[in-house]
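J.: I have a structure here, written as structure tokens, and I will follow up with some questions on it.
In the UniProt record's numbering, the protein residues as written are 1 to 81.
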């Protein structure tokens, strides 16, 4: 059985991500709380909120920084060594 990772979060807790475009495409909002990180789509708030523990969020953001989700991520990672 999965443990519920949700926690109380208000609309005012969310901030738009740095990559948000002026036209409104790719609008991701993030709320950092003591219990973890909440993520939602600013254009479709009714779709719900994804909740992550602080450890899960750290693992995800480190993977992004390491290029693990880039199409040439493994190649780029080798070139940086």
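Beta carbons are placed, not taken as given, at the ideal position from N, Cα and C, and that holds for glycine.
Please list, in chain order, all residues of the same chain as residue 29 whose beta carbon is under 8 Å from its beta carbon, the five residues on each side excluded.
T.: Around residue 29: 14, 15, 16, 17, 39, 40, 41 and 42.
J.: In terms of alpha-carbon separation, which member of 32, 46 and 68 lies closest to residue 55?
T.: 32
J.: With a threshold of 16 other CB atoms inside 10 Å of the CB of residue 51, please say whether the residue is buried or exposed.
T.: buried
J.: Find out if the Cβ-Cβ distance for the pair residue 61, residue 35 is shorter than 9 Å.
T.: no
J.: Is residue 49 closer than 9 Å to residue 6 when the C-beta atoms are compared?
T.: yes
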